[in-house]
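Residue numbers (the working numbering): 241 to 570.
Below is one structure; the comments refer to it alone.
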Ligand code: FES
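Shown next as structure tokens:
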């Protein structure tokens, strides 16, 4: 493995780490040339979907480098980045890919030599891990399929909302005046990531031909009762249907969705999302990033399924922890 030359993508925050990399360059500090740098305004600018997409596209490793805690130019951006990377690590683990391939580091503008050390160290670690198994001519299709699941899950509403609003949920409080402690938030993120990953996986298994709960349990290694719980949620969300009954056992089929982009967002919310997207698409003089942000913020104004059912106006959906915890949101 010694002649393996890893390909690493580095997302560097403009204000600290990019300047640190620049300092390493002008100070002629040697570091491996395996890294391709993308300058971003803050470490929090990197959507977790992009991290998974980078792995799908064959990078052997990713470095995200930002300002030290307390120094972020956007106040708490680096802390948001930390939370997002944690979630991505958990999902990578579920995909069968080493979480160490994605690393978050703090490097200030004056730490040119530290930047060089970080890159050196990461390249060595990736060399030990070997090439990305989904890169090259013969990708590991199992891992690749699971990475697609992870990408879809991260792009979806429930997890996306939690990952992007955790500061407000932890420190500011939701519409009910509730805050939740960091440890509880970590647990909640774990649970949501795991539930949505499994549900998306089941939708992918049932997209081409109908499949029973028992078969889904065999294919995923999940207990049958858990698979049954997920199918109930997916049927309730209008994403899965009973196709036929075979020997007394119902066979489920995913209700038609774009093959490349299976979503666990409830069917009613997908219709709303499409209409929001189409009205935003033609906005003049607005770049794609801003359009995506507008869509996300408008999605937050959708009423949750729970409120729809109860015809309640109590929740304005700024951050509905109750809905998120009970799984009715997104
Ligand atoms: S500005 Fe550097 S991490 Fe936010």
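Every residue, glycine too, gets a C-beta built ideally from N, C-alpha and C.
(1) Should the segment 355-370 be called in touch with the segment 259-279, which here means at least 3 C-beta pairs below 8 Å?
(2) Give a single yes or no on whether residue 250 has its beta carbon closer than 7 Å to a heavy atom of the ligand FES.
(3) Spell out a yes or no on whether the segment 271-286 and the segment 241-252 are touching, meaning 3 or more CB-CB pairs, one atom from each, closer than 8 Å.
(4) Grouping DSSP H, G and I as helix and E and B as strand, with all else coil, what is residue 306?
(5) Using 8 Å as the threshold, is the C-beta distance between residue 341 and residue 366 below it?
(6) Considering only C-alpha positions, which residue in the set 532, 443, 377 and 361 is nearest to residue 501?
(7) Would you decide whether residue 548 is buried or exposed? Buried here means 16 or more other CB atoms lie within 10 Å of its CB.
(8) When the Cα atoms are used, what is the spatial distance from residue 564 to residue 431?
(9) Going by the beta-carbon positions, is the gap between residue 489 and residue 452 smaller than 8 Å?
(10) Return yes when the C-beta of residue 522 is under 7 Å from any heavy atom of the ligand FES, and no when it is not.
(11) Suppose you measure from the CA of residue 522 to the CA of residue 529; what does that come to, to the nearest Å?
(12) Following the continuous beta strand (DSSP E) through residue 317, name the residue where it begins and the one where it ends.
(13) On the criterion of 16 or more Cβ atoms from any shown chain inside 10 Å, does residue 437 qualify as buried, or is it exposed?
(14) The beta strand (DSSP E) spanning residue 258 covers which residue range?
(15) Enumerate in chain order the residues of its own chain whose CB-to-CB distance from residue 288 is below 7 Å, with the five nearest sequence positions on each side excluded.
(16) From the DSSP output, in three-state form, read off residue 297 for me.
(17) Thinking C-beta only, is residue 295 closer than 8 Å to residue 337?
(18) What number of angstroms, rounded off, separates the C-alpha of residue 348 from the C-alpha of residue 256?
(19) Does the ligand FES have even one heavy atom less than 7 Å from the beta-carbon of residue 306?
(20) So, residue 284 versus residue 258, is the Cβ gap smaller than 8 Å?
(21) Express the C-alpha separation of residue 517 and residue 350 in angstroms, rounding to a whole number.
(22) If I measure Cβ to Cβ from residue 339 and keep anything under 6 Å in the same chain, skipping five residues before and after, which residues do I get?
(23) If you draw a straight line from the C-alpha of residue 280 to the C-alpha of residue 305, how long is it?
(24) Looking at C-alpha atoms only, which residue of 423, 363, 439 and 429 is the closest neighbour of residue 386?
(25) Is it the case that the CB of residue 314 approaches a heavy atom of the ligand FES more closely than 7 Å?
(26) Taking the alpha-carbon of residue 447 as reference, which of 245, 475 and 480 has the nearest alpha-carbon?
(27) Checking 8 Å against the spacing of the C-beta atoms, do residue 464 and residue 454 come in under that value?
(28) To the nearest angstrom, how far is the alpha carbon of residue 254 from that of residue 267?
(29) Run the proximity test for residue 310: is its beta-carbon closer than 7 Å to any non-hydrogen atom belonging to the ligand FES?
(30) Across which residues does DSSP place residue 484 in a beta bridge pair?
This is what the structure holds:
(1) yes
(2) Counting from 1 along the chain shown, the entry for residue 250 is found at position 10. Residue 250: no, Cβ never under 7 Å from the ligand FES.
(3) Touching, yes, given that three or more Cβ pairs across the two stretches are closer than 8 Å.
(4) As a first step, residue 306 is located in the chain shown; it is residue number 66 there, counting from the start. It is a strand residue.
(5) For the purposes of this step, residue 341 is taken as residue 101 along the chain shown, with counting starting at 1. For the purposes of this step, residue 366 is taken as residue 126 along the chain shown, with counting starting at 1. Yes, these two residues count as a Cβ contact at 8 Å.
(6) Here residue 501 refers to the residue found at position 261 of the chain shown. Comparing Cα positions, the closest option is 443.
(7) Here residue 548 is taken as the residue at index 308 of the chain shown, counted from 1. With a pLDDT of only 46 at residue 548, under the threshold of 50, the placement of this residue in the model should not be trusted, and no figure is reported.
(8) Working through the chain shown from its first residue, we reach residue 564 at position 324. Working through the chain shown from its first residue, we reach residue 431 at position 191. Model confidence at residue 564 stands at a pLDDT of 47, short of 50, so the residue's coordinates are unreliable; what they give is reported in the following sentence. Going by the C-alpha atoms only, they are around 11 Å apart.
(9) Translated into the one-based positions of the chain shown, residue 489 becomes position 249. Translated into the one-based positions of the chain shown, residue 452 becomes position 212. Result yes, Cβ atoms of residue 489 and residue 452 sit closer than 8 Å.
(10) The residue you call residue 522 lines up with position 282 of the chain shown. No, the ligand FES has no heavy atom inside 7 Å of this Cβ.
(11) Position 282 of the chain shown holds residue 522. Position 289 of the chain shown holds residue 529. Going from the Cα of residue 522 to the Cα of residue 529 covers about 14 Å.
(12) Within the chain shown, the letter at position 77 stands for residue 317. That residue, residue 317, is in no beta strand (DSSP E); its alpha helix (DSSP H) goes 317-335.
(13) Within the chain shown, numbered from 1, the residue matching residue 437 stands at position 197. With 16 or more other Cβ atoms within 10 Å, it is buried.
(14) Looking up residue 258 in the chain shown gives position 18. Looking at the DSSP string, residue 258 is not in any beta strand (DSSP E); the run it does join, the alpha helix (DSSP H), is 257-266.
(15) As a position in the chain shown, residue 288 is number 48, starting the count at 1. So the qualifying residues of the chain are 324, 327, 328, 394 and 403.
(16) Against the chain shown, residue 297 aligns to sequence position 57. Three-state result, residue 297: coil.
(17) Here residue 337 corresponds to residue number 97 of the chain shown, with the count starting at 1. Here residue 295 corresponds to residue number 55 of the chain shown, with the count starting at 1. Yes, Cβ-Cβ distance for residue 337 and residue 295 is below 8 Å.
(18) The residue labelled residue 348 in the question sits at position 108 within the chain shown. The residue labelled residue 256 in the question sits at position 16 within the chain shown. Looking at the backbone, the Cα of residue 348 and that of residue 256 are separated by about 5 Å.
(19) On the chain shown, position 66 is the one that residue 306 refers to. For the ligand FES, at least one heavy atom lies less than 7 Å from the Cβ of residue 306.
(20) The residue you call residue 284 lines up with position 44 of the chain shown. The residue you call residue 258 lines up with position 18 of the chain shown. Their beta carbons are not under 8 Å apart, which means residue 284 does not touch residue 258 by this criterion.
(21) Here residue 350 refers to the residue found at position 110 when the chain shown is read from its first residue. Here residue 517 refers to the residue found at position 277 when the chain shown is read from its first residue. Their backbone Cα atoms lie some 42 Å apart in a straight line.
(22) The sequence position of residue 339 within the chain shown is 99, counting from 1. Same-chain partners within the cutoff: 329, 332 and 333.
(23) Walking along the chain shown from the start, residue 280 turns up at place 40. Walking along the chain shown from the start, residue 305 turns up at place 65. Using only the alpha carbons, I get a separation of about 10 Å.
(24) Position 146 of the chain shown, counted from the start, is the residue given in the question as residue 386. The shortest C-alpha separation from residue 386 is found at 439.
(25) Stepping through the chain shown from its first residue, residue 314 is reached at position 74. At a threshold of 7 Å, residue 314 counts as near the ligand FES, since its beta carbon sits closer than that to one of the ligand's heavy atoms.
(26) Position 207 of the chain shown holds residue 447. Closest in C-alpha terms to residue 447, from the list 245, 475 and 480, comes 480.
(27) Position 224 of the chain shown holds residue 464. Position 214 of the chain shown holds residue 454. For residue 464 and residue 454, yes; Cβs fall inside 8 Å.
(28) Sequence index remark: in the chain shown, residue 254 carries index 14 (1-based). Sequence index remark: in the chain shown, residue 267 carries index 27 (1-based). C-alpha separation (whole angstroms): 18 Å.
(29) As a working mapping, residue 310 is identified with position 70 in the chain shown. For the ligand FES, not one heavy atom lies less than 7 Å from the Cβ of residue 310.
(30) Taking the chain shown and counting its residues from 1, one reaches residue 484 at position 244. According to the DSSP secondary-structure assignment, residue 484 is paired through a beta bridge with 491.
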